[in-house]
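One structure below.
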Amino acid sequence: MRIKNWKSQNVSGNIRLYLRSNVKIKRIFYIGYCRRTVCAKGALVRDKGTNRGNIEIAANPRMAPHMKLLVFTVKEDGKILSTPVIVRFASVALDQFKVTWTSKSGSKKQAKQLSFSINSEKGAFVGLLGVDESIRLKASSDNDITRQKMERAMQSQEDSMALWSVYDSFGSVGVVLLTDGYLPNVGFVPHFSSRSLSDHEDDDEETVRQDFPETWIWDSLTAANGMGTIAKRVPDTMTTWVVTGFSVGEEHGLVILNEPLHLKVKKEVYTQLHVPAAIKRYQEIDALCLIHNNGNEVNVTVEGLPNLSRNPRLFLAKGATEKIPFKLVGKHVGVLKVKVVVRNINGNIVDAMQLPITVHPDGEVKMVEDVRLVNYQQNTSENISLTMSALEANPGCSDAEVVFSVVGTIVNLNQFDLERLIATSYGNGEDNLLFLQMAITVYEYLATTKDLSEGRKNQLVGYMEIAYQQHLRFRLDDGSFSMFGSMRKCGGTWLTAASVETLLKATAYLSVDSSIITDGLSWLAAQSQDDGSFKESCTIAQPHIQSNGVSLASSVMFAFIGNKFSHQYTDVINKTISMLAREQIKDVYVLAKTTFLLSMIQHQSWNNMWDQLNKLAKEKDVYRYWGVEEQVETPSAKTRNQGATAYALLVNLKKHTANMDQLLRVAQWIQQNSFANEQWTPSFEKVVALRALKALHDELPTVVPSMNVVVESHKLQVNGSNRELLQTVALENGFRNVEVSLTGTGLIMMKLSYRCTIPPTSEESTILSPKTNGLAAVNIKKRQHHQQLEWSICISYRVFQIRCDMAKFSIYLPTGLMLLEQPTMRHNQTTSVFSLEHNTRLELIYDIRKMPFFCYPVKARNYFHLERLQRGYLKICSMDAKDNCPVYTLY
62 MRIKNWKSQN VSGNIRLYLR SNVKIKRIFY IGYCRRTVCA KGALVRDKGT NRGNIEIAAN
122 PRMAPHMKLL VFTVKEDGKI LSTPVIVRFA SVALDQFKVT WTSKSGSKKQ AKQLSFSINS
182 EKGAFVGLLG VDESIRLKAS SDNDITRQKM ERAMQSQEDS MALWSVYDSF GSVGVVLLTD
242 GYLPNVGFVP HFSSRSLSDH EDDDEETVRQ DFPETWIWDS LTAANGMGTI AKRVPDTMTT
302 WVVTGFSVGE EHGLVILNEP LHLKVKKEVY TQLHVPAAIK RYQEIDALCL IHNNGNEVNV
362 TVEGLPNLSR NPRLFLAKGA TEKIPFKLVG KHVGVLKVKV VVRNINGNIV DAMQLPITVH
422 PDGEVKMVED VRLVNYQQNT SENISLTMSA LEANPGCSDA EVVFSVVGTI VNLNQFDLER
482 LIATSYGNGE DNLLFLQMAI TVYEYLATTK DLSEGRKNQL VGYMEIAYQQ HLRFRLDDGS
542 FSMFGSMRKC GGTWLTAASV ETLLKATAYL SVDSSIITDG LSWLAAQSQD DGSFKESCTI
602 AQPHIQSNGV SLASSVMFAF IGNKFSHQYT DVINKTISML AREQIKDVYV LAKTTFLLSM
662 IQHQSWNNMW DQLNKLAKEK DVYRYWGVEE QVETPSAKTR NQGATAYALL VNLKKHTANM
722 DQLLRVAQWI QQNSFANEQW TPSFEKVVAL RALKALHDEL PTVVPSMNVV VESHKLQVNG
782 SNRELLQTVA LENGFRNVEV SLTGTGLIMM KLSYRCTIPP TSEESTILSP KTNGLAAVNI
842 KKRQHHQQLE WSICISYRVF QIRCDMAKFS IYLPTGLMLL EQPTMRHNQT TSVFSLEHNT
902 RLELIYDIRK MPFFCYPVKA RNYFHLERLQ RGYLKICSMD AKDNCPVYTL Y
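Residue numbers for the sequence shown follow the working numbering, so the first one is 62 and each next one is one higher.
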């Protein structure tokens, strides 16, 4: 039996199919599947058997762009004859979806605005995509919308995951057949700048061009009346923008814009910087500034280029381009902003642009610091010595600097330090959750210390919005959250609980869909065991949280208590709280966290646990802290100490009976061991630490500092007007200890810092990380063909010495290189691949327990054409101990 379907159908007409069979058939059944749902069904019954027949089905928009139709019959002897057919639908008339644009040029101080007018069927959902044409020309780019691509995407979603025979018509359309008939079997065949979000412009004489996105438009709307408008500010790139789009409606289904729109941005005189997207610290780069003239001949002056003895004066003929070479050096890790201004002979600005360039450390940044907090209730004079232990002798240690700093708060952190804590990737569910938590926590900390400006507030809320939207990628259909989203559909108990707890906090700043929270809580409630415990069945990325039953139960309870949904889960909460109260907890980290949990609900047992916790406090020099016992096997005792001390500080603040001097000693330990030295990698323990310091700040007596500080002939003053200002003094590199003279009253935090950069180890070596007791061998091989390079990075782990399942590998490319398209295959279901910082950095997440040895190819191209490649490096971190990461050279 076979079906003929010669042409594409139309969703507004009838589908006519022609049946041919080599046996006579009386009854024919058919069923159509569209996007995994039944969209057509019926039967054709005849009095007499026939070898031919016609099937006519009324089409509807749900069937577009294609329908899987299964036609079958059952013979008198029970034999089933069947055949599948794909019914495809032709695109509707071009006038069903149109997009046009109009320009709204303002004054010289205003950037050009474009308005896109959309015409589609009523109630249609419309999406527009606008990208830089130069990006689409790259071999690795797939940044456009076509009908063929949409059909491939939908096909991949509809394909059944079950294996089926090529002769199994039912399996081919995703149907499982349960019948007492029989089937003859003949064998088995196996991504915004803040300026692009607003119409607000600076009041400069000429707008500074600094918005250079690769993707300009990614917007959608519902055309209620068949019409809609999207207004966008044109970015600052001198290029041609390509805009494509689609419409989805009830009547016509999916319609792709027939021809892309091309919008060319041009200017008579404009600047172009030819620089790499990222450089290494202190690396000197030969860069170029290009000045293009599309208008009449003109004389101009170029200002702002770094490392030039004078501002160049140029004569630009009509259609000419002049080159200005200059040296580019990044002295600080972070972002280097290069601003260029072009003026005519009258001094008027004809073009201005600013380009951010990422500056990476050239190797591993090492830092040692001594932090001291003083709090004088009455006028006091005192000399205090700050001492640092020198870094281990290393002949390659370079770029050393010694800095003394002081501030009138309990944490010696400036805005740049906090920014580094927030800046993290969101290529997997855990990192994205940490990104959201840090943004919320830093916002609340700055609000408490009265240092939250309007600009910083908008920036942090923007971070939260990005993190929230990204986190939805890791949400599964059952309401749980998976570390790798749909790539590995395993809902994690801890990740789901932490996500719900964080999203509940985010509701104070964002509009969060309440169903995400309620579905998550319902899923967590279903995971509750009879004894009140919870189990983790997914990847273990945080062993000290997920592998310990009491610790996991405490973490889950933070999502249930203290919110408007708590009353719905009274049984689950009571069962788990009773279990926690009965436990004889010996692990100080778990004890501190559980005690804080019980203090939040004022449980009767929390006082006894508070006594037990404080008996475990340790004191050393000027510090007071809580630490795990050395014999306890843990991937990172340092991480657990950070968490234990932060939770213990929160508990003691709840008690309101602790001595303030003791609490300040705890705060001093948190500053020294969580935020000093090179400890700037975000972690969930540091989120708790910032919360604890914020809570302590609320409890401090409001004594306005008035302190004179003298260090090595440098005189500083901390008072009510500058208490939030971090004051710094650069000292000679030879200093390892200094004498600080203090006179006055109030609270200050001072710090002596020594920092240097240690170059990466060779590309073939074996490293031992004593803090995690994990052993890994790394081998890197390079192959180069003209301007294209490929590295084969092979890593092996001795997993029996490692408790954490997951490791992160960060690959920083050599200067001038950009990533090409990476392999789409996955070595196992838990691998995550994510490119960052304009395709100059690649992050891999691997399940090292499943794949203790693997090789990964990294492909890149030298777009900057450097004569000699500057080295890159590879950084390897366990997911639960990211402060301790060996670094390897990548040439």
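Ideal Cβ placement from N, Cα and C applies to all residues, glycine included. Nothing here was measured: the structure is a model prediction, and the numbers come from that model.
If you look at His323, you'll find it in the beta strand (DSSP E) that goes 322–325. Taking Gly546 as reference, the option from Leu533, Arg88, Val779 with the minimal CA-CA separation is Leu533. Ranked by how close their Cα comes to the Cα of Val359, the residues Asn409, Leu786, Lys400 have Asn409 in first place. The region 729–738 makes no contact with the region 490–505; the number of CB pairs closer than 8 Å stays below 3.
Judged by their CB atoms, Thr298 and Asp193 are nearer to each other than the 8 Å cut-off. By the 16-neighbour rule on beta-carbons within 10 angstroms, Ser442 is exposed. Counting of Cβ neighbours within 10 angstroms places Cys95 among the buried residues, the total reaching 16 or more.
Approximately 12 Å separates the beta-carbon atoms of Ser666 and Leu674; this is outside 8 Å, ruling out the contact. By the 16-neighbour rule on beta-carbons within 10 angstroms, Pro367 is exposed. Note that the C-beta distance between Ala838 and Ile937 is not below 8 Å.
Residue environment analysis places Asn354 among the buried positions, since at least 16 neighbouring C-beta atoms fall within 10 angstroms of its C-beta. Cα atoms of Gln703 and Leu389: separation of roughly 40 Å, rounded to the nearest angstrom.
In the structure shown, Val522 falls within a helical segment according to DSSP collapsed to helix, strand and coil. Of the residues assessed, Gly110 falls on the exposed side of the cut-off, its CB having fewer than 16 other CB atoms within 10 angstroms. Nearest to Val749 by C-alpha distance, out of Asn407, Leu725, Lys654, is Lys654. The three-state reading of DSSP puts Ala737 in coil, since its state is none of H, G, I, E or B. For Arg534, there is no enclosing beta strand (DSSP E), as DSSP marks it with neither H nor E. Segment contact: the region 139–152 against the region 272–281, fewer than three CB-CB distances shorter than 8 Å; contact not assigned. Secondary structure of Gly540 (DSSP, three-state): coil.
By the C-beta density criterion, Ala338 is buried, having at least 16 other C-beta atoms within 10 angstroms. Taking 8 Å as the cut-off, the Cβ atoms of Pro321 and Val304 count as close.
Per the Cβ contact rule, the region 399–407 is not in contact with the region 783–802 (fewer than 3 Cβ pairs under 8 Å). In this chain, the alpha helix (DSSP H) harbouring Leu507 covers 490–509.
Straight through space, the alpha carbons of Val187 and Gly287 are spaced by roughly 10 Å. Counted as a single uninterrupted DSSP element, the stretch harbouring Val749 is not any beta strand (DSSP E) but the alpha helix (DSSP H) occupying residues 745–760.
Less than 8 Å separates the beta-carbon of Ile179 from that of Ala284. Secondary structure of Met640 (DSSP, three-state): helix.
Residue burial annotation: Gln732 is buried, with at least 16 other C-beta atoms found within 10 angstroms of its C-beta.
Here Met618 carries a helix assignment [DSSP, helix/strand/coil]. The alpha-carbon separation between Lys716 and Leu754 amounts to approximately 16 Å. Pro918 is bridged by DSSP to Ser853. For the pair of segments examined, the region 616–623 was found not to touch the region 644–652: the number of CB pairs separated by less than 8 Å stays below three.
As computed with DSSP, Trp302 is found in a beta bridge with Asp193, Leu324. Per DSSP, reduced to three states, the secondary structure at Glu515 is helical. Contact between the region 595–607 and the region 548–560 is established, with three or more Cβ pairs separated by less than 8 Å. Shown here, Thr600 sits in coil according to DSSP, grouped into three states, outside any helix or strand.
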